[in-house]
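Novice:
Residue numbers (this note's numbering), protein chains in the order written: chain A, 1 to 221; chain B, 1001 to 1230.
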């Protein structure tokens, strides 16, 4: 009887072992147990160096980096902000420099076309400023600039002819009021058609007036 | 066209007084200030050059700019004007410089005095110069005088032009305003407008006029351009 009972227990155990999934459960239990042991063995809390040279600290159940992602994100954001601010500052500075340069060029350009406006000529840094005079006279064979600045001498400041019949000359003038005119072909006394007329017509045809000013546009603003 | 004969006769007593003073100073001026200006000696006969030099010296002695007088004489020489005409112009200019300094005050700048002398020669009454100074007590008046002289030279009556610019100055018009005003008037005259008409129309753009800011050339406002905005 005992033998029969033992035989029956043995068969039942064999059947249980043959049942599908039984080995899987054991294997799963083995894996869980192995992981539990590994985790228990590795929980030292000591810092170790990773392969990439980054310093990490082994944590309880999970490896935590020495500098966490939030800190890295914060530092990266801060650096980006500083870089942006620096770039913005550099841009503004460069823009300011460019602006000053453009003002200087504009002032010189204004000076260059002064004759026509007649009322102001701005800007370089000395007391004498280059002023360009121009008269369109296609039919003229020669044109001279005369004024108080050259003692009204027709031979002192001949003008050069440009294509299209524009006659021009540039010369430095001191700040102040200047009276001038053009002499065409040695005989015709012509006022600058785009400049204010001088009030004093002592000897016939009127002259023109030019005011050369030390003020520039930057100072006015 | 103005000539040297546009003199001081009939002007205010102040101008006559200034002319007399200038003439007296010229007559009595010592010759130690300077020898004859070489420029004058090279271009004028000796008597004319000496007379101009004396006038210039006397003007310089009272602190007035003398270079404009030399310039007038040299301009006359270049234009082959007679000695009498040159001397008349120089004397008239010297007198006008004296009146201009009197009306503007001792603190006036050289360019202001010369410009004011120019408008006085052009027929503007000295009270206008005083009026401008009171309208702009601290600022320079060179540009207003240059603009005024230009308007008169283009055919606008002196009183009309002086009144318009004076009102603008009293209302705080800047030099830029006046320069732009002159440009527009000049452009209108060149386009065929009568000088007085151009002045009347363009003065609306100046401060101090009843229709200030209402210009026929001013573009319509966006509201007027688009009566039915979406």
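Note that CB positions come from ideal geometry on N, CA and C, so glycine has one too.
Given a threshold of 16 other Cβ atoms within 10 Å of its Cβ, counted over all protein chains shown, does residue 280/A qualify as buried or as exposed?
Specialist: The question about residue 280/A has no answer here: the residues shown for chain A are numbered 1 through 221.
Novice: Using alpha carbons as the reference points, say which of 1092/B, 1062/B, 1052/B, 1059/B lies closest to residue 1074/B.
Specialist: 1052/B
Novice: Please go through the region 130-159 of chain A and give each complete beta strand (DSSP E) segment of 3 or more residues, from N-terminal end onward.
Specialist: 143-147
Novice: With a threshold of 8 Å on Cβ separation, who are the neighbours of residue 1150/B within its own chain once the five nearest residues in sequence on each side are excluded?
Specialist: 1182, 1186
Novice: To which residues of the same chain is residue 1139/B closer than 6 Å at the C-beta, ignoring the five residues directly before and after it?
Specialist: none
Novice: Under a CB-based cut-off of 9 Å, is residue 133/A close to chain B?
Specialist: no
Novice: Any idea if residue 204/A is buried or exposed, counting beta-carbon neighbours within 10 angstroms, 16 or more meaning buried?
Specialist: exposed
Novice: I need the boundaries of the alpha helix (DSSP H) containing residue 182/A, first residue and last residue.
Specialist: Looking at the DSSP string, residue 182/A is not in any alpha helix (DSSP H); the run it does join, the beta strand (DSSP E), is 176-184.
Novice: Starting from the C-beta of residue 1069/B, find all residues in its chain whose C-beta is less than 7 Å away, skip the five residues before and the five after it, and write them out in chain order.
Specialist: 1052, 1055, 1056, 1059, 1090, 1093, 1094
Novice: Would you mind telling me which residues of chain A sit closer than 8 Å to residue 1154/B, beta carbon to beta carbon, in chain order?
Specialist: 197
Novice: Run the CB neighbour count on residue 72/A, radius 10 Å, all protein chains shown included, and call it buried at 16 or more, exposed below.
Specialist: Under this definition residue 72/A is an exposed residue.
Novice: Does chain B have any CB closer than 9 Å to the CB of residue 189/A?
Specialist: By this cut-off, residue 189/A is an interface position.
Novice: Tell me which same chain residues have a C-beta within less than 7 Å of the C-beta of residue 1108/B, skipping the five on either side of it?
Specialist: 1101
Novice: For residue 130/A, which residues in chain B fall below 8 Å Cβ to Cβ?
Specialist: Those within 8 Å of residue 130/A in chain B number zero; the least Cβ separation is about 20 Å.
Novice: If you draw a straight line from the alpha carbon of residue 1103/B to that of residue 1077/B, how long is it in whole angstroms?
Specialist: 31 Å
Novice: Where does residue 178/A land, buried or exposed, given buried means 16+ other C-beta within 10 angstroms?
Specialist: Around the beta carbon of residue 178/A, 16 or more other beta carbons sit within 10 angstroms, so the residue counts as buried.
Novice: Rank 1137/B, 1127/B, 1180/B by C-alpha distance to the C-alpha of residue 1146/B and give the top, closest one.
Specialist: 1180/B
Novice: What are the partner residues of residue 171/A, as DSSP defines its beta bridges?
Specialist: 131/A
Novice: Cβ of residue 143/A less than 9 Å from any chain B Cβ?
Specialist: no
Novice: Compare the C-alpha of residue 1157/B against each of 1137/B, 1143/B, 1198/B and name the closest.
Specialist: 1198/B
Novice: Which residues, in order along the region 1112-1143 of chain B, keep a beta-carbon less than 8 Å from a beta-carbon of chain A?
Specialist: 1114, 1115, 1118, 1119, 1121, 1122, 1142, 1143
Novice: Who are the neighbours of residue 176/A on chain B, taking C-beta pairs under 8 Å?
Specialist: 1110, 1111
Novice: Measuring CB to CB, does residue 171/A end up less than 9 Å from residue 210/A?
Specialist: no
Novice: For residue 1140/B, does the three-state DSSP call read helix, strand or coil?
Specialist: coil
Novice: Using a Cβ-Cβ cut-off of less than 7 Å, give me the residues of the region 1069-1084 of chain B that come near chain A, in sequence order.
Specialist: 1071, 1072, 1074, 1075, 1076, 1078, 1079, 1081
Novice: With a Cβ-Cβ cutoff of 9 Å, do residue 1167/B and residue 1148/B count as a contact?
Specialist: no
Novice: Counting C-beta neighbours from all protein chains within 10 Å, is the total for residue 187/A 16 or more, i.e. buried, or is it exposed?
Specialist: Label assigned to residue 187/A: exposed.
Novice: Show which residues of chain A have a CB atom less than 7 Å away from the CB atom of residue 1039/B.
Specialist: Within chain A, the residues near residue 1039/B are 151.
Novice: Specify the secondary structure class of residue 38/A as computed by DSSP and reduced to three states.
Specialist: Only weak support is given to the placement of residue 38/A: the predicted model assigns it a pLDDT of 49, under 50, and the question is left unresolved by the model.
Novice: Going by the C-beta, is residue 1078/B closer than 8 Å to any heavy atom of the ligand MN?
Specialist: For the structure depicted, the ligand MN is absent and the ligand set is empty, with no information on it obtainable.
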